[in-house]
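Participant: Okay, handing you the structure first.
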Amino acid sequence: MGSPDLLLICVFSFAAVFLLLSVLALVMRALIALFPQHTGLTDAAVLAAVAAAVSAAHPGATITRIEETR
1 MGSPDLLLIC VFSFAAVFLL LSVLALVMRA LIALFPQHTG LTDAAVLAAV AAAVSAAHPG
61 ATITRIEETR
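Reminder that position 52 of the sequence shown reads as 52 in the numbering used here, one-by-one numbering, no gaps.
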């Protein structure tokens, strides 16, 4: 049995990893296309969490407006 060529093993390994990462990138693109990012109103659970955090930090405080800045 002959010894395998190290350079050939490295090339095949590199090609296999490249192919696997390419397939995963295509799967991610498909998932992003199927499930786009939700753009809309703020989630009610987020508002409840903010209200709970504010009331825990500052008892008796009222929240008048919540804005998201980017």
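Cβ atoms here follow ideal geometry from the backbone N, Cα and C, with glycine treated the same way. Computed from a predicted structure; not experimentally measured.
1. If you compare alpha carbons, which of Val23, Ala16 and Glu67 is closest to Val46?
2. Could you check where the alpha helix (DSSP H) with Ile32 kicks off and where it finishes?
3. If we call anything under 8 Å between Cβ atoms a contact, is Ala48 one with Ser55?
4. Report all residues from its chain with a CB closer than 6 Å to the CB of Gln37; omit the five preceding and five following residues, and keep chain order.
Facilitator: To lay it out plainly:
1. Of Val23, Ala16 and Glu67, the smallest CA-CA separation from Val46 is found for Glu67.
2. The continuous alpha helix (DSSP H) containing Ile32 extends over residues Leu6 to Leu34.
3. Result no, Cβ atoms of Ala48 and Ser55 do not sit closer than 8 Å.
4. For Gln37, where only same-chain residues beyond five positions count, there are no Cβ hits under 6 Å.
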